[in-house]
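Structure first, then comments.
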Amino acid sequence: MSEKALYSSYAGLGRVAMIKGVPLMAGLVLFGISVAVAMVGGFAFGPAGFLLFVPCLAPVMFIKQVCATDDQALNILLLEVRCFLGRTNARMFGNTYTLSPMKYGYRLDTFRQAFERIPSLVAHEQFRAELFRNGPPQRKER
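Count along the sequence shown from 1, then add 553; that gives the number in this note's numbering.
Given below as structure tokens:
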């Protein structure tokens, strides 16, 4: 029997960094948006406009509630939203929706690889040219 492979890692490396139960990046984005809204509100409406940051607290409380038991819950929620919004063209494909980690056609390198002459292809073409130097073999008729 083979032993189970052991990898050196720490249990906390897979966790999302959190501040008071809110994931760090989501908290920073919401904090930046709330500060920007408060500054624009303060400029436009005077000192009372600084209170416009209060509606930005609702998403923070929602995220904190969602991530209370699972630190990856926000990623799962975003994946579910992505799947729901991505189903707009599902009817054209038999009412199915498939996720793939590949990005077909998004990068120019993907198309370049199809036309690249790799060494094995060159060797194959040389082999075929040598094999069929006199033309392809003729079939004998019965």
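Just so it is clear, CB atoms sit at the ideal spot from N, CA and C, and this is done for glycine as well. Computed from a predicted structure; not experimentally measured.
DSSP, read as helix, strand or coil, puts Val575 in strand. Check the Cα spacing between Ala591 and each of Gly574, Cys609, Leu577: the tightest is with Cys609.
Separation of the CB atoms of Val613 and Gly580 is rounded to 7 Å, and the pair is thereby assigned contact status at 8 Å. Under the three-state reduction of DSSP output, Ile586 falls in the helix class. Taken in chain order, the complete alpha helix (DSSP H) segments of 4 or more residues contained in the stretch 652-685 are 661-668, 672-684.
Residue range 626-639 is occupied by the alpha helix (DSSP H) that includes Arg635.
In the three-state scheme derived from DSSP, where H, G and I count as helix and E and B as strand, Asn648 is classed as coil. When only Cα atoms are considered, Val619 and Arg644 end up about 32 Å apart.
The alpha-carbon of Leu604 is positioned some 32 Å away from that of Ile629. A straight line joining the alpha-carbon of Lys617 with that of Ala667 spans about 46 Å. Counting along the chain, the unbroken alpha helix (DSSP H) around Val613 starts and ends at 610-619. In this structure, DSSP gives Leu559 a state outside helix and strand, which the three-state scheme calls coil.
In the three-state reduction of the DSSP assignment, Ala564 falls in the helix class, which pools H, G and I.
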